[in-house]
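Enquirer: Structure incoming, see below.
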Amino acid sequence: MKKKISVYPLFLIALGIIILCRFFFKEFIDYLDLASIIIWLLIANYSYRRKKKNKNYSN
Numbered sequence: 001m002k003k004k005i006s007v008y009p010l011f012l013i014a015l016g017i018i019i020l021c022r023f024f025f026k027e028f029i030d031y032l033d034l035a036s037i038i039i040w041l042l043i044a045n046y047s048y049r050r051k052k053k054n055k056n057y058s059n
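To convert, note that position 5 of the sequence shown is 5 in the UniProt record's numbering; the numbers rise steadily by one, no gaps.
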């Protein structure tokens, strides 16, 4: 019962946030903030996968 977590849903979520912000606020989005959001999502995904993998090996 292994679940494989992919990175693509996180990219889709980040892109959805960007598109919603651009449509609703119609302002220039700071792309550094955008990049930081994507980087934080990738770090969270990677650390979660590592933690889950290490837990499986310790049993």
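All C-beta atoms in this analysis are idealised placements derived from N, C-alpha and C, irrespective of residue type, glycine included.
The model shown is predicted, which means the values in this text are computed figures rather than measured ones.
Enumerate in chain order the residues of its own chain whose CB-to-CB distance from Trp40 is below 8 Å, with the five nearest sequence positions on each side excluded.
Expert: none
Enquirer: Find out if the Cβ-Cβ distance for the pair Leu34, Ile18 is shorter than 8 Å.
Expert: Going by C-beta atoms, Leu34 is nearer than 8 Å to Ile18.
Enquirer: If you drop the 5 nearest sequence neighbours on each side, which residues of the same chain put their C-beta closer than 8 Å to that of Ile37?
Expert: Ala14, Ile17
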